[in-house]
Amino acid sequence: MDAATAPPPSPARWRVGLEQSPVSSVTFRHAREHRVKACRGIILKGMCGIVGYVGPLTPSDRPLSVALEGLARLEYRGYDSAGVALATPDGVQMRKKAGKLKNLRDSLETDPLPAATAAIGHTRWATHGAPSDENAHPHLSADGKLALIHNGIIENFAALRAEVESSGVRLRSETDSEVVAHLLARAFDAIGDLTEAMRTVSARLQGAYTLLAIHEDVPGVIVGARRNSPLVIGLGEGENFLGSDVAAFISHTRTALEMGQDQIVTVSADEVRVIDADGAPVTPREYTVDWDASAAVKGGFDTFMAKEIHDQPAAVGDTLLGRADETGRLRLDEARIDESVLRSVDTIIVIACGTAAYAGHVAKYAIEHWCRIPVEVELAHEFRYRDPIVNEKTLVVAISQSGETMDTLMAVRHAREQGAQVLAICNTYGATIPREADAVLYTHAGPEVAVASTKAFLAQITACYLLGLYLAQLRGNMFIDETQALLAELAEMPSKIQEVLDTEGHITDVARDLSGVDSVLFLGRHVGFPVALEGALKLKEIAYIHAEGFAAGELKHGPIALIDQGQVVIIVVPSPRGRDQLHAKVVSNIQEVRARGARTIVVAEEGDDNVEPYADVIFRVPQTSTLLAPLVSVVPLQIFACQLASAKGLDVDQPRNLAKSVTVE
Ligand code: M6R
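Each position in the sequence shown, counted from 1, maps to that position plus 872 in the numbering used here.
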């Protein structure tokens, strides 16, 4: 029996302080505190990436180059089309192309746009209308003086479209967004002020939106608005930036402002003004982005996914950093939950989607073992619609890399409405989910660009361990020396992950050999089960190979019928030093599938010789406590999927039909 799976100690022996750590300082122009108003109800939201840049009134090429660079960093949000609009001395100039950003770049090289003072840019994930040139953003007003980009879905667009068309305007696209361009232009003509026009029009829109607009009469200004879609502001010297997230401008400034719900921003080269829906000035929260610009580029790897797999020792190490106070006690990043409430929690429900949900499955094993609290794990979209039993004694843990996943956000809102406390585990500072949660534990994986999540997964698992240890400490399930022993073990994980990365050559050879297979099954048990599920998901989403993950114990209850001559089966084997003879049982499973003709790839600890007779291939991982093993055992599966997809010549970072952040229900 290893340390992490030893029986938990008896409860309630000491108390700890829960510190509220200020994460940013507000040094902006207006004094009023900004509060996020959680928006109730079901909202559909489109994805898409948005960037804006305003510089000096002397036109230059910088607005376009900043916009294109921002779009390249935001392409993970959608890549159905890309477009830019510039405020130039010749009025608003626009170019947009269906397909990836490269198509837009090629067009601009062949037929360049003039120097400008401001730019807005958009990369699209299609919702209303096919991915065509016409439906690409920006959209122009009828007189061509105003350009607008939009992320989201305008739910009342049919009525607004009818209104616009009845005024004699012929719409050029099938989008809900173009309607807003016409409404905004009309409001500007009537009011003569772009900010006020945006405020008036926004008030008429239902649904979700981030909007940015430029107008040729105010060439040094971008006006933006947001509801239920993200928008952040980057503060520069004599220039300012806007983006769906900080990746849009990270190479130019690290000083950012959070935009709240239903706010309007007016940005020029020297000033940023934010107002609320009533027109009252607002002071947005200023913070420093601690991501390195180089973290958002490939760093010598062929793909972002490969780079992000190699970022994992740092992602785990950084997520562990600075968690304990001077007395060694753990703390959360932001805590707006009373300690007594956390002590009285009788159920934890983890809500998340995709890979984040598999991190939640790992959390269940650890938190139940360490804290003796029942933990349920549920896909956020299922939780939201099944009338879950949730009350003030329920702690809902929402795990999301992006913090913008609509299914998870809706589940968070639903849980809070039922009286539950919500704790977010998130990788994106200031995203909607952590802002609406009662407490936050940030992962520090840095920007994850590849659609297939890797380093965020390991960071999420790490954060779940920290949460388990924090609750165990708070509720008295562990002495401080016990939590510290586990923290010390966690601190060794980055170098163990690196040891797995060092075996990449062997895994790559195996992946290349198997690039022709059309089905792979994954088996795992205990914490190896979510690892198997994650291994299968990686292979499906980037290599387009049919892959299924099963609990190894379930094999004889059905899945074994799938085993045929040559079927590839990847088995995640628990530590031979673990409890309950799980190791022996999984080794039997390997024998069972091999006897029926399967080709077996076994993920096993260094020194585990028992698996050798039954494994065609072994991916070795360092010895680790059972509960912490997912941090190493998933790594070969990530490399396997990445290298197999590369060997097939597929677009590893931007797989078909997917986008990084799923912000539609
Ligand atoms: O941003 P989130 O963590 O909320 O995203 C959740 C899932 O959409 C995400 O993990 C998805 O499953 C990835 N493509 C998996 O690689």
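Note that CB positions come from ideal geometry on N, CA and C, so glycine has one too. Everything numeric in this text was worked out from a predicted model, so none of it was measured.
For residue i, the first and last residue of its enclosing alpha helix (DSSP H)
{"i": "L1066", "result": "1066–1074"}
{"i": "I1086", "result": "Careful: I1086 lies outside any alpha helix (DSSP H), inside the beta strand (DSSP E) at 1079–1087."}
{"i": "Q1510", "result": "1502–1519"}
{"i": "A944", "result": "934–946"}
{"i": "G1340", "result": "1327–1346"}
{"i": "E1180", "result": "1176–1182"}
{"i": "Q1463", "result": "1454–1467"}
{"i": "L1373", "result": "1365–1373"}
{"i": "D1385", "result": "1376–1385"}
Bridge partners - residue i, DSSP secondary structure assignment
{"i": "P1153", "result": "I1147"}
{"i": "E1248", "result": "I1221"}
{"i": "T1160", "result": "T1127"}
{"i": "V956", "result": "R967, G993"}
{"i": "Q1539", "result": "Any question about residue 1539 goes unanswered here, given that the chain covers just 873 to 1537."}
{"i": "E1420", "result": "L1393"}
{"i": "T1472", "result": "V1441"}
{"i": "Y925", "result": "A991, F1113"}
{"i": "C1298", "result": "S1272, Y1314"}
{"i": "H1241", "result": "None; H1241 has no bridge partner."}
{"i": "G1024", "result": "Y1081"}
{"i": "I1490", "result": "V1474"}
{"i": "L1202", "result": "A1196"}
{"i": "A1019", "result": "L1012, I1086"}
{"i": "A1357", "result": "Its beta-bridge partners do not exist; DSSP assigns none."}
{"i": "A1207", "result": "A1311"}
Alpha-carbon to alpha-carbon, residue j and residue i
{"i": "Q1133", "j": "D1174", "result": "38 Å"}
{"i": "V1392", "j": "Y1486", "result": "17 Å"}
{"i": "L1251", "j": "M1278", "result": "12 Å"}
{"i": "H1418", "j": "Q1437", "result": "17 Å"}
{"i": "Q1356", "j": "R1126", "result": "34 Å"}
{"i": "L936", "j": "L958", "result": "7 Å"}
{"i": "G1340", "j": "A1238", "result": "7 Å"}
{"i": "S1013", "j": "R977", "result": "24 Å"}
{"i": "N1529", "j": "H994", "result": "19 Å"}
{"i": "T1334", "j": "Q1184", "result": "11 Å"}
{"i": "E1130", "j": "E1464", "result": "56 Å"}
{"i": "R1347", "j": "L973", "result": "52 Å"}
{"i": "Y1337", "j": "A1235", "result": "7 Å"}
{"i": "T982", "j": "I1435", "result": "55 Å"}
{"i": "A1008", "j": "A1470", "result": "48 Å"}
{"i": "A1002", "j": "A1186", "result": "40 Å"}
{"i": "D1525", "j": "V1161", "result": "24 Å"}
{"i": "S893", "j": "L1330", "result": "At S893, the pLDDT of 27 sits below 50, so the modelled position is not reliable and the matter cannot be decided from this model."}
{"i": "L1020", "j": "L1281", "result": "27 Å"}
{"i": "E905", "j": "I1379", "result": "Any reading at E905 needs caution, since the residue's pLDDT is 27, under 50, leaving its predicted position unreliable; the model's value is listed next. So the two alpha carbons sit approximately 53 Å from each other."}
Cβ shell of residue i (< 7 Å), same chain only, five flanking positions each side left out
{"i": "A1062", "result": "none"}
{"i": "K1410", "result": "A1324, L1509, Q1510, A1513"}
{"i": "R1042", "result": "none"}
{"i": "V1213", "result": "Q1293"}
{"i": "E1088", "result": "A959, G963, V964, K1017"}
{"i": "E1376", "result": "I1511"}
Residue i - containing beta strand (DSSP E), residue span
{"i": "R996", "result": "990–996"}
{"i": "Q965", "result": "963–970"}
{"i": "G1096", "result": "1090–1099"}
{"i": "F1401", "result": "Segment 1400–1415 is the alpha helix (DSSP H) holding F1401; no beta strand (DSSP E) there."}
{"i": "S834", "result": "This structure cannot settle anything about residue 834, because the visible part of the chain is limited to 873 through 1537."}
{"i": "F1394", "result": "1391–1396"}
{"i": "Q1135", "result": "1135–1139"}
{"i": "R1215", "result": "Taken as a continuous stretch (DSSP letters only), R1215 belongs to no beta strand (DSSP E), being part of the alpha helix (DSSP H) at 1211–1216."}
{"i": "R1033", "result": "Run containing R1033: none in the beta strand (DSSP E); it sits in the alpha helix (DSSP H), 1029–1038."}
{"i": "Q1105", "result": "Note that residue 1105 is Ile in the sequence shown, not Gln. Run containing I1105: 1104–1107, per the beta strand (DSSP E) assignment."}
Cut-off 6 Å between Cβ atoms - residues of its own chain near residue i, not counting five sequence neighbours on either side
{"i": "G924", "result": "I992, L1084, I1094, L1114"}
{"i": "E1422", "result": "Sequence inspection shows Phe at residue 1422; the Glu mentioned does not correspond to that position. Cβ neighbours of F1422 beyond the five flanking positions: L1395, P1431."}
{"i": "D1190", "result": "H1316"}
{"i": "P1306", "result": "G1275, A1296, C1298, V1312"}
{"i": "L1343", "result": "C1243"}
{"i": "V1262", "result": "A1287, Q1290, A1292"}
{"i": "T1326", "result": "E1180, I1181, Q1510"}
{"i": "L1204", "result": "A1311, L1313"}
Cβ neighbours of residue i in the same chain (closer than 8 Å, five flanking residues each side left out)
{"i": "D1210", "result": "none"}
{"i": "V1445", "result": "G1400, H1455, V1458, V1459, I1462, V1474, V1475, A1476, E1477, D1480, V1483"}
{"i": "K1368", "result": "V1493, P1494, T1496, L1503, V1504"}
{"i": "L985", "result": "L936, V956, L958, T960, Q965, R967"}
Original post:
Taking any heavy atom of the ligand M6R as the mark, which residues have a C-beta closer than 5 Å to it, listed down the chain?
Top reply: C1225, G1226, T1227, A1228, S1272, Q1273, S1274, T1277, A1324, S1325, V1534
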